[in-house]
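Engineer:
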Amino acid sequence: MGLSKDTHIGPYLVVDFKKTVQEEEIRYCKTHPKLKQGSAKFCSECGGEIIVEVLKKEEKDGIFDILEGTEFEDDFMDSKYLADEICIPNKSCYYLGDEVEEIDCQTIEKELSEFLVENRECLEFIKTKVNSVAVKYGCFYIYG
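The opening position of the sequence shown corresponds to residue -3 in my numbering, with each subsequent residue numbered one higher.
(1) What residue range does the alpha helix (DSSP H) around leucine 119 cover?
(2) Could you give the DSSP three-state label for isoleucine 99: helix, strand or coil?
(3) Among the candidates Ile22, Pro85, Gln18 and Tyr137, whose CA atom is the shortest distance from the CA of valine 48?
(4) Helix, strand or coil for glutamate 45? Go by DSSP, reduced to three states.
(5) Could you check whether the stretch 62 to 81 touches the stretch 10 to 26, counting it as contact only if at least three pairs of C-beta atoms, one from each stretch, sit closer than 8 Å?
(6) Within a Cβ cutoff of 7 Å, which residues of the same chain sit near glycine 44, ignoring the five residues on either side of it in sequence?
(7) Relative to the C-alpha of glutamine 18, which candidate in Lys52, Gly65 and Asp70 has its C-alpha closest?
(8) To the nearest whole angstrom, what separates the beta carbons of lysine 15 and lysine 56, a pair I think is in contact under 8 Å?
(9) In three-state DSSP terms, what is glutamate 32?
(10) So is aspartate 71 buried or exposed if we call it buried at 16+ other beta carbons inside 10 Å?
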């Protein structure tokens, strides 16, 4: 097993994902807490009353949760080891060849403009599923 390090240079998303609350019902007997009780009202072992607790677990959606099963499923991925809110395009945004290339303001504006045009429908879809989304341009490492 190895570790890879890639450099992303180009547009990316900063997403404020919505939180979802999952509820799980836990049923147990005070005397026999490890014994599975099913839907019974009384313990099958001692006849004691079954205690019912509802545990609430708050989770944030991720980009995969939002895009899975849609035509945009493969358009973005999470950044794995960066903040959960950062999502990067699955396709290369900016390729540095064997020679040094300058990245100036015009390059950044062009890349952002092309990104917004190419991903317009996907971005509109994402906006309907999250609290907010911002398109940024930057350079960072991605570890895999």
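We treat Cβ as the ideally placed atom computed from N, Cα and C, and that holds for glycine.
Structural biologist: Well, looking at it:
(1) DSSP places leucine 119 inside the alpha helix (DSSP H), whose first and last residues are 116 to 125.
(2) Judged by DSSP in its simplified three-state form, isoleucine 99 adopts coil rather than helix or strand.
(3) For the residues Ile22, Pro85, Gln18 and Tyr137, the minimum Cα distance to valine 48 belongs to Ile22.
(4) DSSP, read as helix, strand or coil, puts glutamate 45 in strand.
(5) They touch, by the three-pair rule.
(6) Take glycine 44, set aside five residues on each side of it, and the residues of its chain with a beta-carbon closer than 7 Å to its own are Cys25, Lys26, Thr27 and Phe38, in chain order.
(7) Glutamine 18 has its Cα closest to that of Lys52, out of Lys52, Gly65 and Asp70.
(8) About 5 Å separates the two Cβ atoms, so the contact holds.
(9) Before going on, a small fix: residue 32 reads as lysine here, not glutamate. The three-state secondary structure of lysine 32, taken from DSSP, is coil.
(10) Taking every protein chain shown into account, the CB of aspartate 71 has 16 or more other CB atoms within 10 angstroms, so this residue is buried.
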